[in-house]
Amino acid sequence: PTLRTAYAEDFYIGAALGWGQILEKDSAESTLIRNEFSSLTPENAMKWMHVHPKLDTFNFEYTDKLVAMADRNDQFMVGHTLIWHNQTPEWVFRDEDNDLNDSTALFGRMKDHINAIMGRYQGKIGGYDVVNEALNDDGTFRESLFYQIGGVDFIYKAFEYAAKADPEAELYYNDYSMNRPEKCDGAVQLAKAIKAKGLRIDGIGMQGHWGLERPTLEEIEASILKIGNAGLKVMITELDITVLPNPRNVEGADLSASFENNAEANPYKNGLPDSVQMALAQRYADLFELFHKHQDIITRVTLWGVHDGQSWKNNWPARGRTDYPLLFDRSLAPKPAHQAVLGVVGK
Ligand code: G3I
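Take the sequence shown: its letters are residues 29 to 375, numbered as in the UniProt record's numbering.
Printed below as a string of structure tokens:
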């Protein structure tokens, strides 16, 4: 079995693909991506700065290739992400004679952006992270430029434009730290407010940038249930489990420097000890046991990458580390965690 076949009855199992993984020709990696995953997400290619770098310039080269790949592989494509405060060019928030206070202009740009993307991929992209990371961890609204200029309306407008641009596509709100009760409450409230305006939202994505111990399964389960009880689908998006200590906790750490030779913050430069490898496998098994249990609420679990070598975790929150957060190793071999995830449904 592969992840894709083992979980076929439960939910989509997806991966985010980096630039180098959007492959037109067959290779060991493209075969693995086809066999193991039933859903794909662009890790970066669909973000505003890449797909829409200037007012009248769109660049669909990579998203076209990725959509064609998902089509060939019969995979559910996720559009990530339409509206996010990161990786959005400055021009979106500026005018020649007027700085940062014209919501009409901003909303017009958002509408053009959403229409162009969703119009182009109608019937090919099944769901979109319409708005990404608009909340603080305490559930209040993040003071992004979108929020400063448009207020909370920027969120309603995004969902309004998206529903019109492709009535068939699912529409999601996506955020991290959703295991925190206040943040999860904030997201559920937001979804209810969107619905109260007569607009559509289909689900909430819980990003899973987690660690070996935290958040606890109980915290994650409470959030899954809270979202499910509000009548929304849950996606576990962006799943990866770091095995490294937080470099912020290292005495005297300078986060702008490379941590390659910092033994405390980069302890597994030359390989992962068996004990940690097994702890990672157990953590993945526990998580998938929980997801499997809630397969009626969860519609997709997406890993934030295919293999350890590509993971953003190697370079965040400090550069130059060697992390092991995914299910395949740097040579594309399945890790014990992969076997452990398969074992959950094999029981
Ligand atoms: O493309 C340049 C390359 O030319 C240059 O040599 C290199 C040097 O650092 O940088 C490359 O750009 C990097 C880009 O990824 C690759 O497309 C950026 O520095 C880097 O900041 C960017 O990071 C991405 C990050 O979003 C940006 O915020 C990560 O790959 C991507 O995994 C990450 O994904 C986000 C989700 O979209 C939303 N949730 C959080 C998640 C993790 O941050």
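The C-beta atom is built at its ideal place from N, Cα and C for all residues, glycine as well.
Query - Residues of its chain near P243, where Cβ-Cβ distance is below 7 Å and the 5 sequence neighbours each way are ignored - result: Along the sequence shown, read from residue 1 onward, the residue named residue 243 stands at position 215. The residues are N207.
Query raised in the report: Exposed or buried, S286, counting other C-beta atoms within 10 Å across all chains shown (16 or more means buried)?
Result: Here the question's residue 286 lines up with position 258 in the sequence shown. S286 should be labelled exposed.
Query raised in the report: What are the start and end residues of each continuous beta strand (DSSP E) run of 3 or more residues lying completely inside the segment 239-325, in chain order?
Result: List check, beta strand (DSSP E) in window: 261-270.
Report task. Report the option in T330, H141, G179, N289 whose CA atom is closest to the CA atom of D194. Result -> Walking along the sequence shown from the start, residue 194 turns up at place 166. The alpha carbon of D194 has as its nearest neighbour, out of T330, H141, G179, N289, the alpha carbon of H141.
**Report entry** Helix, strand or coil at residue 26 [DSSP, three-state]
**Finding:** Nothing can be reported for residue 26: it is not among the residues displayed for the chain, which extend from 29 to 375.
Query raised in the report: What residues match up with I232 in a beta bridge as DSSP calls it?
Result: Translated into positions along the sequence shown, residue 232 becomes position 204. Partner residues in the beta bridge of I232, as assigned by DSSP, are Y201, V262.
Query raised in the report: Is T350 helix, strand or coil by DSSP?
Result: Counted from its first residue, the sequence shown places residue 350 at position 322. If DSSP states are grouped into helix, strand and coil, T350 belongs with coil.
Query raised in the report: On the three-state DSSP scale, how would you describe S67?
Result: For the purposes of this step, residue 67 is identified with residue 39 of the sequence shown, where counting begins at 1. It is a strand residue.
Requested in this report: Let me know if R311 comes out buried or exposed under the rule of 16 or more other beta-carbons within 10 Å of its beta-carbon.
Outcome: Here the question's residue 311 lines up with position 283 in the sequence shown. Around the C-beta of R311, 16 or more other C-beta atoms lie within 10 Å, and the residue is accordingly described as buried.
Report task. Have a look at the DSSP bridge pairing and note the partners of N160. Result -> The count along the sequence shown starts at 1 and reaches residue 160 at position 132. Answer is N202.
Report task. Compute every distance between the C-beta of H108 and the non-hydrogen atoms of ligand 1, then say whether any falls below 7 Å. Result -> Residue numbering aside, residue 108 sits at position 80 when the sequence shown is read from its first letter. Under cutoff, so the answer is yes.
Query raised in the report: Do Q150 and ligand 1 come close, with the Cβ less than 7 Å from some heavy atom?
Result: The residue labelled residue 150 in the question sits at position 122 within the sequence shown. No, the Cβ of Q150 stays beyond 7 Å of every heavy atom of ligand 1.
Query raised in the report: Taking three-plus beta-carbon pairs below 8 Å as touching, is the segment 216-230 in contact with the segment 287-305?
Result: The way I'd put it, the segment 216-230 doesn't touch the segment 287-305; fewer than three beta-carbon pairs between them come closer than 8 Å.
Query - Nearest-angstrom beta carbon gap, A313 and V369 [assumed within contact, 8 Å] - result: Numbered from its first residue, the sequence shown carries residue 369 at position 341. Numbered from its first residue, the sequence shown carries residue 313 at position 285. Contact holds; Cβ gap of about 7 Å.
Query raised in the report: DSSP state of K82, grouped into three classes?
Result: As a first step, residue 82 must be located in the sequence shown, where it is residue number 54. When DSSP states are grouped into helix, strand and coil, K82 belongs to the strand group.
Query - Length of the line joining the Cα atoms of M138 and D166 - result: Looking up residue 138 in the sequence shown gives position 110. Looking up residue 166 in the sequence shown gives position 138. Approximately 27 Å between the Cα atoms of the pair.
Report task. With a threshold of 7 Å, establish whether the CB of E89 neighbours any heavy atom of ligand 1. Result -> Your numbering for residue 89 matches position 61 in the sequence shown. Relative to ligand 1, E89 has its C-beta separated by 7 Å or more from all heavy atoms.
Report task. Give a yes or no on contact between the segment 189-203 and the segment 145-164, applying the rule of three or more CB pairs nearer than 8 Å. Result -> Three or more beta-carbon pairs separated by less than 8 Å link the segment 189-203 to the segment 145-164, which places the two stretches in contact.
Report task. Return the CA-CA distance between T265 and N343, expressed in angstroms with no decimal places. Result -> Here residue 265 refers to the residue found at position 237 when the sequence shown is read from its first residue. Here residue 343 refers to the residue found at position 315 when the sequence shown is read from its first residue. Looking at the two C-alpha atoms, the distance is approximately 20 Å.
Report task. Identify, in the order they occur along the chain, each residue of the same chain with its Cβ nearer than 6 Å to the Cβ of E143, setting aside the five sequence neighbours on each side. Result -> Working through the sequence shown from its first residue, we reach residue 143 at position 115. The sequence as given places Asn at residue 143; Glu does not occur at that position. Excluding sequence neighbours, N143 sits near A193.
Report task. State yes or no: is the C-beta of Y204 nearer than 7 Å to some heavy atom of ligand 1? Result -> Working through the sequence shown from its first residue, we reach residue 204 at position 176. Y204 Cβ: within cutoff of ligand 1.
Query - Selection from E124, I145, D102 that minimises the alpha carbon distance to I111 - result: In the sequence shown, the residue the question calls residue 111 occupies position 83. Nearest C-alpha to I111: I145.
Query raised in the report: Beta carbon of Q176: closer than 7 Å to some heavy atom of ligand 1?
Result: Mapped onto the sequence shown, residue 176 falls at position 148. No heavy atom of ligand 1 is found nearer than 7 Å to the CB of Q176.
Query - Anticipated Cβ contact below 8 Å, A215 with L163, distance rounded - result: Here residue 215 is taken as the residue at index 187 of the sequence shown, counted from 1. Here residue 163 is taken as the residue at index 135 of the sequence shown, counted from 1. Cβ-Cβ separation between A215 and L163: approximately 6 Å, consistent with a contact (criterion under 8 Å).
Query raised in the report: Is E73 buried or exposed, if buried means 16 or more other CB atoms sit within 10 Å of its CB?
Result: Position 45 of the sequence shown holds residue 73. Looking at the sequence itself, residue 73 is Ala, so the reference to Glu does not match. So A73 counts as buried.
Query raised in the report: Residues bridged to H335 by DSSP?
Result: One-based indexing of the sequence shown puts residue 335 at position 307. Beta-bridge partners assigned by DSSP to H335: F356.
Requested in this report: For the beta strand (DSSP E) holding I41, just list the boundary residues, first then last.
Outcome: Your numbering for residue 41 matches position 13 in the sequence shown. First-last of the beta strand (DSSP E) with I41: 40-45.
Query - beta-carbon E188 near ligand 1 non-hydrogen atom, thresh 7 Å - result: Taking the sequence shown and counting its residues from 1, one reaches residue 188 at position 160. Checking the Cβ of E188 against ligand 1 gives no.
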